[in-house]
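First to last, the sequence lines map onto chains A and B.
Okay, so the first sequence: first residue is 1 according to my numbering, each after it adds one.
Okay, so the second sequence: first residue is 1 according to my numbering, each after it adds one.
C-beta atoms are modelled at their ideal positions from N, C-alpha and C, and glycine is treated no differently.
Only a predicted model underlies this, so the values are computations on that prediction, with no experimental measurement involved.
Only one structure is covered here, and it is reproduced in the block below.
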Amino acid sequence: MNRIIVDNNLRSWLKELAEKYTLVAPVTSDGVTLFKHVKGSQVDSLDLQYSNTAVSPKGCFFPLSETMFSIGSDGVNVIAPVSTDREVVIFGIHPCDAAGIALIDRVFLAEPTDTHYKEKRDRTILIGLACNAPSPECFCPSVGGGPANPMYLDILLTQTSAGYIVQATTGKGKELTPAARMEEKDIPLPPPPHVTPVPLEGVSEMMRRNFDSPYWDRVADRCLHCNICSYVCPCCYCFDIRDYMGKDKIDRVRSWESCQSAGFTMIAGGHDPRPTKGARLRQRWYHKLLYFPELFGDIKCTGCGRCVRSCPVNIDIREIITDVQKLNV
Amino acid sequence: MIETIRNKAKEWLEKNDGGCVIGYERASDGMTARPVFIYKPYMVGSLIFDETCVHNLSKYLLNRRGLKTAIVVKPCDSRGINLLINEHQLDRESIYVIGVVCPGMKDAHFGRIEDRPLSKCRVCLHHTPAVYDVLVGEPQPETASRDYSDVARIEGISIHERNAFWKEQFERCIRCYGCRQVCAGCYCQECFVDELDPLWVGIRSGPEDNWIWNIGRAFHLSARCIGCGECERVCPVGIPLMLANRKLEKESADLFDFEPGMDAGTAPPFATFLKEETLEKVE
Chain A
1 MNRIIVDNNL RSWLKELAEK YTLVAPVTSD GVTLFKHVKG SQVDSLDLQY
51 SNTAVSPKGC FFPLSETMFS IGSDGVNVIA PVSTDREVVI FGIHPCDAAG
101 IALIDRVFLA EPTDTHYKEK RDRTILIGLA CNAPSPECFC PSVGGGPANP
151 MYLDILLTQT SAGYIVQATT GKGKELTPAA RMEEKDIPLP PPPHVTPVPL
201 EGVSEMMRRN FDSPYWDRVA DRCLHCNICS YVCPCCYCFD IRDYMGKDKI
251 DRVRSWESCQ SAGFTMIAGG HDPRPTKGAR LRQRWYHKLL YFPELFGDIK
301 CTGCGRCVRS CPVNIDIREI ITDVQKLNV
Chain B
1 MIETIRNKAK EWLEKNDGGC VIGYERASDG MTARPVFIYK PYMVGSLIFD
51 ETCVHNLSKY LLNRRGLKTA IVVKPCDSRG INLLINEHQL DRESIYVIGV
101 VCPGMKDAHF GRIEDRPLSK CRVCLHHTPA VYDVLVGEPQ PETASRDYSD
151 VARIEGISIH ERNAFWKEQF ERCIRCYGCR QVCAGCYCQE CFVDELDPLW
201 VGIRSGPEDN WIWNIGRAFH LSARCIGCGE CERVCPVGIP LMLANRKLEK
251 ESADLFDFEP GMDAGTAPPF ATFLKEETLE KVE
């Protein structure tokens with residue numbers, strides 16, 4: 001037996017949630033789907049069949065830009081950023097994006113904890129939607145996920161012809177589940193859709209052996225060194241910090257940055273340990289396929305396919321993985 | 001057509017040891033194209049040319065300054081070469097231009113080829129490259145009438161509506177600088193948004209910062225934008241950047257009767273100053 005919520009009830013529940021919580025959900029406008037704050041009145045028009053959003057929802061916890069603190073014009077008085085106690089519900093997040101947040105957690109929630117991230121993480125509830133239309137460039141099962149993987153979510157909804165099967169996996173999720181709006185039915189979980197696998201065996205070891213391979217310069221030939229791949233990625237988390245002087249205060253602001261930027265590793269005195277395009281391109285793949293696995297045991301990728309889809313010059317992580325496995329040491 | 005491109009590339013590589021041919025090969029989706037760099041004559045077999053070759057490859061020439069390079073260009077891309085030569089960024093002698101008469105490109109994205117022309121191709125005037133050493137295909141007559149109906153539409157709304165429109169578009173900018181990195185006209189050693197001292201814009205993202213970046217970018221390309229549409233194609237959040245570029249293109253065409261990149265000898269209006277020029281006082 002599974003607990004089912006029909007579409008009408010789901011939407012009335014979401015409207016109720018929008019009253020009490022800040023509700024964030026995938027919204028399509030101008031042909032682009034992005035996670036946005038939605039009001040109760042927008043709930044009826046939410047598209048629950050969406051393919052992955054153009055940009056991952058990591059910005060809900062790790063915003064594109066955020067003021068960490070400010071200093072008053074006296075140069076002494078520290079002003080904490082305005083924060084809210086209002087809890088956030090992210091609705092409609094796909095399992096791959098939840099997995100991306102879990103990967104960032106390992107870094108930002110480890111000691112010393114990133115307080116800005118933790119504060120947002122603690123007051124957010126994740127209501128996932130099993131992905132029923134993976135793109136050809138998706139490969140979540142190869143990196144430990146799956147289109148209907150309930151891990152890392154508080155609640156997972158899986159669409160069936162009779163409504164959505166509701167699986168609450170955490171205490172927060174169970175508490176939020178709308179018992180009165182659901183009914184028990186003898187409807188099994190549908191089999192997850194097929195996703196083409198990418199064999200990853202031995203990739204970290206091959207990366208270790210091929211740091212100096214000319215292969216990286218050849219791939220970098222066509223790389224434009226924009227930051228698209230890192231910015232659309234659900235688990236790239238690099239940032240940089242600048243101080244912005246205003247009329248009556250100075251804001252210390254951190255913003256997304258990318259290892260692909262020319263100035264990212266530039267240090268005082270003008271030295272750049274990654275001065276070439278090849279060295280910068282290589283860093284991103286090494287972080288994903290070797291350094292992160294060495295530190296945390298898992299590849300830093302959720303197989304969401306965004307970088308594959310968004311790269312203007314078709315630098316394809318699946319191809320990198322297969323090529324590296326074939327490189328001669 | 002493709003055999004001619006491959007043969008010309010092979011001949012050139014055989015004569016230019018250490019050179020590189022920049023062209024197109026099949027992408028990993030098996031249906032669209034991607035840029036390829038070919039260093040050996042035997043590798044020319046991977047070169048392709050079809051209606052998915054949307055990329056403007058001329059930006060890559062800046063990575064090969066002073067090195068012998070052959071490049072496959074469509075008419076719009078070829079104007080990038082003229083722009084860069086005119087602005088003293090490239091040396092014409094080191095480049096061998098394989099110009100291709102363009103049939104018009106399809107709206108091709110990774111894994112998907114839409115059955116409609118790429119938006120820039122709908123308003124394209126020039127179907128034969130503006131610069132080439134070898135021409136592949138028969139020269140085609142130019143399209144005589146300009147179509148600025150897209151610009152007229154946005155000119156037709158009130159200033160408040162226009163402001164609201166652009167505000168909404170720029171709000172979703174993630175400042176990935178894909179538009180800058182792909183642009184042949186964007187080659188400043190240090191972009192104004194990367195400067196640390198003074199911190200004009202920096203990496204902060206927000207409505208005002210995004211506004212400054214996007215408007216700054218467009219104005220920096222006024223009377224310089226060659227209309228290749230790459231900025232708009234690569235934008236991961238679908239900002240209609242060409243609409244801003246084309247408004248400025250129309251202004252420069254009307255004011256100066258100038259089309260950027262049509263030849264390497266004519267400098268863009270904002271890079272020239274004539275003694276007889278006077279500034280009209282704006283009341």
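For Arg92 of chain B, same chain residues with a beta-carbon under 6 Å away, outside a window of 5 residues either side, are Ile85 in chain order. For the pair Val182 of chain B and Trp213 of chain B, the CB atoms are not nearer than the 8 Å cut-off. The stretch 11-22 of chain B and the stretch 37-51 of chain B touch, with three or more beta-carbon pairs separated by less than 8 Å. Assignment of Tyr237 of chain A by DSSP, reduced to helix, strand and coil, places it in the coil class.
Boundaries of the beta strand (DSSP E) around Gln167 of chain A: Gly163 to Ala168. Two segments are said to touch when three or more pairs of C-beta atoms, one from each, lie closer than 8 Å; by this definition the stretch 187-201 of chain A touches the stretch 308-323 of chain A. In the assembly as shown, Met105 of chain B is a buried residue. Its beta-carbon has 16 or more other beta-carbons within 10 Å. Counting along the chain, no alpha helix (DSSP H) covers Asp114 of chain A, and no H or E run does either. Secondary structure of Val55 of chain A (DSSP, three-state): coil.
In the structure shown, Lys59 of chain B falls within a helical segment according to DSSP collapsed to helix, strand and coil. For the 8 Å CB-CB criterion, Val203 of chain A and Gln325 of chain A form a contact.
DSSP, reduced to helix, strand and coil, places Asn227 of chain A outside both helices and strands of the structure shown, so it counts as coil. Shown here, Phe296 of chain A sits in a helix according to DSSP, grouped into three states. Against Asp254 of chain B, chain A offers no close residue; the least beta-carbon distance is about 28 Å (beta-carbon pairs closer than 7 Å). In this structure the stretch 171-181 of chain A does not lie against the stretch 254-263 of chain A, because fewer than three pairs of beta carbons, one per stretch, are closer than 8 Å.
From the listed residues B:Met43, B:Ala33 and B:Arg224, the smallest Cα separation to Thr52 of chain B is found for B:Ala33. Within the DSSP secondary-structure output, Val123 of chain B pairs in no beta bridge. By the rule that beta-carbons nearer than 8 Å mark a contact, Gly31 of chain A touches chain B. If you ignore the 5 residues before and after Asp154 of chain A, its C-beta comes within less than 6 Å of the C-beta of Ile125, Leu126, Thr170, Lys172 and Gly173, all in its own chain and listed in chain order.
Separation of the CB atoms of Cys311 of chain A and Tyr177 of chain B is rounded to 14 Å, and the pair is thereby denied contact status at 8 Å.
In the three-state scheme derived from DSSP, where H, G and I count as helix and E and B as strand, Ile79 of chain A is classed as strand. Inter-segment contact for the stretch 72-83 of chain B and the stretch 260-280 of chain B is present: three or more beta-carbon pairs are separated by less than 8 Å.
In the DSSP assignment, Trp256 of chain A falls outside any alpha helix (DSSP H) and lies within the beta strand (DSSP E) extending over Lys249 to Trp256.
By the rule that beta-carbons nearer than 8 Å mark a contact, Ser28 of chain B touches chain A.
Taken in chain order, the complete alpha helix (DSSP H) segments of 4 or more residues contained in the stretch 173-205 of chain A number zero; there are none. Taking 8 Å as the Cβ-Cβ cut-off, the stretch 48-69 of chain A approaches chain B at Ala54, Val55, Leu64 and Ser65, given in chain order. In its chain, beyond the 5 residues on either side, Asn56, Cys102, Lys120, Cys124, His126, Ile226, Gly227, Cys228 and Gly229 have a beta carbon closer than 8 Å to the beta carbon of Cys76 of chain B. It is roughly 49 Å from the alpha-carbon of Asp44 of chain A to the alpha-carbon of Ser46 of chain B.
Taking 8 Å as the cut-off, the Cβ atoms of Glu25 of chain B and Ile2 of chain B do not count as close. In this structure, Ala267 of chain B sits away from Ala244 of chain B, with a CB-CB distance that is not shorter than 8 Å. For Met242 of chain B, the uninterrupted alpha helix (DSSP H) segment begins and ends at Leu241 to Phe256.
Under the 8 Å Cβ criterion, the stretch 151-165 of chain A counts as touching the stretch 177-188 of chain A, having at least three qualifying pairs.
The beta-carbon of Leu199 of chain B is placed less than 8 Å from the nearest beta-carbon of chain A.
For Thr22 of chain A, there is no enclosing alpha helix (DSSP H); the enclosing beta strand (DSSP E) has its first and last residue at Thr22 to Ser29. In the three-state reduction of the DSSP assignment, Phe211 of chain A falls in the coil class, being assigned neither a helical nor a strand state. Taking C-beta separations shorter than 7 Å and ignoring five residues to either side along the sequence, the partners of Leu327 of chain A in its chain run Met206, Asn210, Ser213 and Tyr215, following chain order.
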